[in-house]
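Please read the structure below before turning to the comments.
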Amino acid sequence: MTWVEESVPLTKENIDNILKYLPLLEDKANKFYCEDSQDESGAVVLPFYVLTGIGLKFYDDLYKEGFVTKFRWMDWIAEAGEYSASDEKLSKADIKDIRRLLTTIIRQGRFCEGLLEETIESGLMLKIFKRLKEIRKKMD
213 MTWVEESVPL TKENIDNILK YLPLLEDKAN KFYCEDSQDE SGAVVLPFYV LTGIGLKFYD
273 DLYKEGFVTK FRWMDWIAEA GEYSASDEKL SKADIKDIRR LLTTIIRQGR FCEGLLEETI
333 ESGLMLKIFK RLKEIRKKMD
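When we follow my numbering, the leftmost residue of the sequence shown carries the number 213, and every step to the right adds one.
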């Protein structure tokens, strides 16, 4: 996977391409991952979470459309936590904040298995995408 410099602007097309996942996130019947926790003997196996076809495409498209950027995301983890804890703060997020939040979730998920899945399950990812949709509407 390659990520882009944070200074590279997103186009309306980039945003539209990623917003196609909004209805999928809204419908809980769509599974972005499955839990694959035990083998035949009952032993726990890793990874615990396995992305489905939709999940893999979603993950790839976040990179492809420029939502995973090069920046010091580890220095921004506390800020990301504030966005995830406060609907009010998230409602004021701009496109840079959304990109940073998505980058932090994706990059941190490499070290914290299940983070992407948790953001989907908890509804945080849906909230992020709803905010992105609001931002996109203002671009017209």
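Glycine residues also receive a C-beta, built at the ideal position from the N, C-alpha and C atoms.
Where residue i and residue j are concerned, what is the direct C-alpha to C-alpha distance, given to the nearest angstrom?
i      : j      : result
Glu296 : Thr315 : Note on identity: in this sequence residue 296 is Ser, with Glu being the wrong assignment. Using only the alpha carbons, I get a separation of about 14 Å.
Glu294 : Met337 : 14 Å
Asp299 : Glu252 : 42 Å
Ile317 : Gly254 : 30 Å
Glu218 : Lys276 : 14 Å
Met286 : Lys350 : 30 Å
Leu268 : Thr331 : 15 Å
Ala292 : Lys224 : 24 Å
Which residues bound the alpha helix (DSSP H) around residue i?
i      : result
Pro235 : 234-238
Ala193 : Since the first and last residues shown for the chain are 213 and 352, residue 193 lies out of range.
Gly265 : 265-276
Thr316 : 307-320
Met337 : 336-350
Lys224 : 224-231
Using only alpha-carbon positions, find the residue among the options that is nearest to residue i.
i      : options                        : result
Arg284 : Gly267, Gln320, Glu300         : Gln320
Met355 : Asn229, Gly267, Val280, Lys224 : Outside the displayed range of the chain (213 to 352) lies residue 355, so it cannot be described from this structure.
Ile266 : Gly335, Ser334, Leu344, Pro235 : Pro235
Asp272 : Asn229, Met351, Glu238         : Asn229
Lys240 : Glu329, Lys350, Glu346         : Glu329
Glu333 : Val220, Glu238, Ala292         : Glu238
List the whole-angstrom C-beta distance separating residue i from residue j, where the pair is believed to meet the contact cut-off of C-beta under 8 Å.
i      : j      : result
Leu231 : Phe341 : 7 Å
Lys304 : Val216 : Actually they are not in contact, since the Cβ atoms of Lys304 and Val216 sit about 24 Å apart, beyond 8 Å.
What residues in its chain sit with their C-beta under 7 Å from that of residue i, if we drop five residues either side in the sequence?
i      : result
Phe270 : Tyr233, Phe244
Leu222 : Gly278, Ile307
Val220 : Gly278
Among residues of its own chain, excluding the 5 on either side of residue i, which ones have a beta-carbon nearer than 6 Å to its beta-carbon?
i      : result
Arg348 : Ile227
Under 8 Å Cβ to Cβ from residue i, same chain only, skipping five residues before and after it: list those, please.
i      : result
Trp288 : Arg312, Thr316
Lys301 : Glu294, Tyr295
Ile310 : Phe279, Ile340, Arg343, Leu344, Ile347
Arg322 : none
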